[in-house]
Amino acid sequence: MARAVRNRAETNWAYWSFITPAFVLYLFVFGFPIILSFVLSVSNYGGGKMFGGDPWSLVGLGEYFKLANDSNFWLALKNNIYIVLISVLGQIPLAFVLAYIIFRKIVRWGEGWQAILYVPAIISVIVLGIMWKMIFASNGLLADIINAMDTQTFLTSLNGLLANGLNVTDDFVTKLLAISDPRALTGFTNPLADIKDLILSNGYTTQNLEVFRSDMVNLLAPKWTPDFLSKQDIAMIPILFVTLWVWTGMYIIMFHANMQKIDTAIIEAARIDGASELQVLSHVIVPNLSGVLANAAILCIAGSLNTFALIWAMTAGGPMNITQVLAIYMFQNAFIGVPNFPLANAISVFIVLFSFILIGLTLLVERRYGGRE
Amino acid sequence: MNSWKTAVAWVGKGMAYAVMGLFSLMTIYPVIWLIYNSFKTNAEFMVDKISLPKEWILSNYVGAWTLGTFDMLIGNSVIFTLVSAVGIIFISVLAGFGFAKMPNKATAPIYGSFVMGILLSITSLMVPLFIQVSQLDRMISDGFHALGMFTGHDVHVFYNTSFGVILIYVGSGLPMAVYLCTEYIKSIPTSLVEAARIDGATYFSIFWRIILPMSTPIATTIVVLNVPGLWNEFALINIMVSDETLKTLPLGILRFNGQRSVDYGKQFAALVIGMAPMLVFYFLFRKQITAGVSGGAVKG
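Chains A and B are the protein sequences, given in the same order. Just so you know, my numbering puts the end of the first sequence at 373, numbered straight through with nothing missing. Just so you know, my numbering puts the end of the second sequence at 1300, numbered straight through with nothing missing.
Have a look at this one:
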């Protein structure tokens, strides 16, 4: 009896000494900061010494009302919701279809495709953000690729016009103008006459067509300069694209692994009964994986509401806040310029509460419409 | 009829290959583009961003390496990543053993809070965490000063120290790791623990001799899932250290964003240096990483 009591005491002692390191660290990194963020969000704490410095006190929910009237906050929230939507409604369906193609062995080398599509998820988003910034820049790779293709199209049409050598007639110039970039012509008062004069005065002949071609490409070929960051509605497009680009591979792996757990006899039976691959996908695979889909949606929501580093590297929320998101707005309020810790903490509380609300909704939807597992 | 069906199947297959090929190309081409452009001269890059380098040069790497102090950055990244990963494993196997094999009323609420914590992102808590850490340092400083110690300067225990960074990194990895370890250790037969107890083994020796060795598979999963995240971590290290000697690779890479943007060659080389270690890691541990991600154990 005494031995049993001693054993229980020892078990109890061992239990607490084993879980304490984890629990203390957990409280240090998650528990206390959550409480602190709420306390500071309803305070007027100015950033000095918390105990024994300038006095501060709890003043109520004023910061939350300030947020409600803060157009930057709403813009950040709107952009963040775009990111949540592209994640939940973009990444997940896309990954699901690609995983299904691999799973049904519609294509060979399934593992190879999967391995390639996962590569972005392993690389620092700082590296990827800077890389994509250079690709989407006004003189970046995307502009160069599109302009190279446009130039090629222009040259092909131009060569068609030059099939019988260079004859500078009104008809020729009209056709030339038709394949030109309208923006290139805005500088001319009378494009037809002006371009014709220009061609004639430069003395191009059928012998030096190469020079003529390259001059026409420079002068008239369509040129595209991306300026995503010039307007509010389109500024998020590169960021949304990159979000999709980075994480889709991860969900492919997740979905594919879980598809492999489904009894293939069900799928084969459905196929023999005449169901198409699409019908199998929607009537067998999706209901079977509704739990996994809900999990993926939860991970998506939790991750995309906290997106920070990628946008920090790409735009840092600018220019003029048009690519602002909640985490960056919070960071700026706390660490850039005059700190506003109560407001920053109110945003922190908002992010935590909002993600739990969205996750709760996801679980409700899954419970209501999800299939059996 | 049959041949028509075959034709449809072939078109479907062709489309599937096209879709896979397109997405894979879009995924990998930018990364490859980045790599081969790091071997171009600035002059060549400005004229032609699309083609392969006419002449492959290495000077961008030499320049970027000295300019970026990469030996120090990589050294810090290695230390923070490895120590944190080992810390996460050790602490979460310990806790998992407690939760899984020692019945206690406290398990339900405490373990439950860890599972809830999986959904919390440390990014949303970076402001209060920073305030907590800097206020703790102030209190410790004041305490020492009151005792007449270190009076000349502030004492830093958590902010701007390796210790503080590792503490926060370990803490942020714990919810998922504790969950994985607890569920895994539950599957180890309780009779093994009981038999060892009857033989008079202490819980710590059971942990050391039975639980920890048997947890190698889950420990591997935890390492491969946490190493990329720790290595690439940016939001916290960005606010928790200010000393140049404590900065990690992502912070160093960010210095190549913008201000040196005219020097494309060095910028590209720096980005390649930034991603190379994790590409090698992925190449070596792809199977384990894939297995870990399958469980849905990574946050997007």
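Beta carbons: idealized from backbone N, C-alpha and C, even for Gly.
Check whether the Cβ atoms of residue i and residue j sit closer than 8 Å, and answer yes or no.
| i | j | result |
| --- | --- | --- |
| B:Gly1063 | B:Lys1287 | no |
| B:Val1293 | A:Met259 | no |
| A:Leu310 | A:Ile86 | no |
| A:Ile195 | A:Leu209 | no |
| B:Ala1095 | A:Ile19 | yes |
| B:Lys1105 | B:Thr1190 | no |
| B:Leu1230 | B:Tyr1169 | yes |
| A:Leu293 | A:Ile145 | no |
| A:Gly47 | A:Pro339 | yes |
| A:Met116 | B:Thr1290 | Looking at the sequence itself, residue 116 of chain A is Ile, so the reference to Met does not match. No, the Cβ-Cβ distance between A:Ile116 and B:Thr1290 is not below 8 Å. |
| B:Gly1295 | B:Asn1226 | no |
| A:Ile34 | A:Val352 | yes |
| A:Asn306 | A:Asn72 | no |
| B:Lys1013 | A:Ile106 | yes |
| A:Gly291 | A:Gly370 | yes |
| A:Asn295 | A:Ile262 | no |
| B:Ile1089 | A:Phe335 | no |
By Cβ distance below 7 Å, which residues in the same chain neighbour residue i in space, the five residues on each side in sequence not counted?
| i | result |
| --- | --- |
| B:Ile1118 | Pro1175, Met1176 and Tyr1179 |
| A:Asn168 | Sequence check: residue 168 of chain A is Val here, not Asn. Excluding positions up to five away in sequence, the list reads Lys196, Ile199 and Leu200. |
| A:Ile135 | Leu141 and Leu142 |
| A:Leu166 | Tyr204, Thr205, Thr206, Leu209 and Phe212 |
| B:Thr1123 | Ala1235 |
| A:Pro222 | Asp150, Phe154 and Asp181 |
Tell me, please, whether the CB atom of residue i is closer than 8 Å to any CB atom in chain A?
| i | result |
| --- | --- |
| B:Lys1049 | yes |
| B:Leu1225 | no |
| B:Phe1144 | no |
| B:Tyr1159 | no |
| B:Thr1123 | yes |
| B:Phe1097 | yes |
| B:Ser1301 | With chain B covering only 1001 through 1300, there is no way to say anything about residue 1301 of chain B. |
| B:Phe1039 | no |
| B:Thr1290 | yes |
| B:Tyr1036 | no |
| B:Phe1114 | yes |
| B:Pro1228 | yes |
| B:Val1083 | no |
| B:Leu1271 | yes |
| B:Asn1117 | Just to set this straight, residue 1117 of chain B is Gly in the shown sequence, not Asn. Cβ-Cβ to chain A under 8 Å: yes for B:Gly1117. |
| B:Asn1060 | no |
| B:Leu1073 | no |
Spatial neighbours of residue i within its chain, please: CB distance less than 6 Å, with the 5 preceding and 5 following residues excluded, ordered by chain position.
| i | result |
| --- | --- |
| B:Tyr1159 | Val1133, Ser1134 and Asp1137 |
| A:Thr315 | Thr323 |
| A:Leu94 | Thr248 |
| A:Gln207 | none |
| B:Lys1040 | Pro1053 |
| B:Ser1038 | Asn1060, Phe1268, Ala1269 and Val1272 |
| B:Val1155 | Ile1140, Ser1141 and Phe1144 |
| B:Met1015 | none |
| B:Gly1068 | Gly1252 and Ala1270 |
| B:Ile1035 | Val1272 |
Would you say residue i lies against chain B (beta-carbon separation less than 8 Å)?
| i | result |
| --- | --- |
| A:Trp113 | yes |
| A:Ser157 | no |
| A:Thr225 | no |
| A:Trp56 | no |
| A:Phe172 | no |
| A:Pro21 | yes |
| A:Gly274 | no |
| A:Asp144 | yes |
To which residues does DSSP link residue i through a beta bridge?
| i | result |
| --- | --- |
| A:Ser43 | A:Leu58 |
Return the chain-ordered list of same chain residues with a C-beta closer than 8 Å to the C-beta of residue i, the five sequence neighbours on each side being excluded.
| i | result |
| --- | --- |
| A:Lys175 | Leu161 |
| A:Trp224 | Ala143, Ile146, Asn147 and Asp150 |
| B:Phe1285 | Val1224 |
| A:Ile359 | Ile298, Ile301 and Ala302 |
| A:Val325 | Ala76, Asn79, Asn80, Ile83, Thr307, Phe308, Ile311 and Gly317 |
Legend entry - Positions along the stretch 1008-1032 of chain B whose CB lies within less than 8 Å of some CB in chain C: Structure shown: chain C not included; protein chains present are A and B.
Inset, instruction - Say whether the stretch 1243-1257 of chain B touches the stretch 1216-1229 of chain B, bearing in mind that this needs 3 or more beta-carbon pairs closer than 8 Å, one atom from each stretch. - result: Not touching, per the Cβ criterion.
Inset, instruction - Say whether the stretch 95-108 of chain A touches the stretch 1013-1027 of chain B, bearing in mind that this needs 3 or more beta-carbon pairs closer than 8 Å, one atom from each stretch. - result: Counting C-beta pairs with one atom in each stretch, the stretch 95-108 of chain A and the stretch 1013-1027 of chain B have three or more that are closer than 8 Å, which means they touch.
Inset, instruction - Say whether the stretch 354-369 of chain A touches the stretch 48-65 of chain A, bearing in mind that this needs 3 or more beta-carbon pairs closer than 8 Å, one atom from each stretch. - result: Between the stretch 354-369 of chain A and the stretch 48-65 of chain A there are fewer than three C-beta pairs closer than 8 Å, too few to call the two in contact.
Inset, instruction - Report yes or no: do three or more beta-carbon pairs, one from the stretch 273-291 of chain A and one from the stretch 119-127 of chain A, lie closer than 8 Å? - result: As far as the Cβ criterion goes, the stretch 273-291 of chain A does not touch the stretch 119-127 of chain A, which means the pair count is below three.
Inset, instruction - Examine the Cβ distances between the stretch 1077-1086 of chain B and the stretch 1153-1167 of chain B and report whether three or more of them are shorter than 8 Å. - result: Yes: the two stretches touch, three or more of their Cβ pairs being nearer than 8 Å.
Legend entry - the stretch 282-291 of chain A touching the stretch 234-244 of chain A, judged by at least three CB pairs closer than 8 Å: The stretch 282-291 of chain A is not in contact with the stretch 234-244 of chain A.
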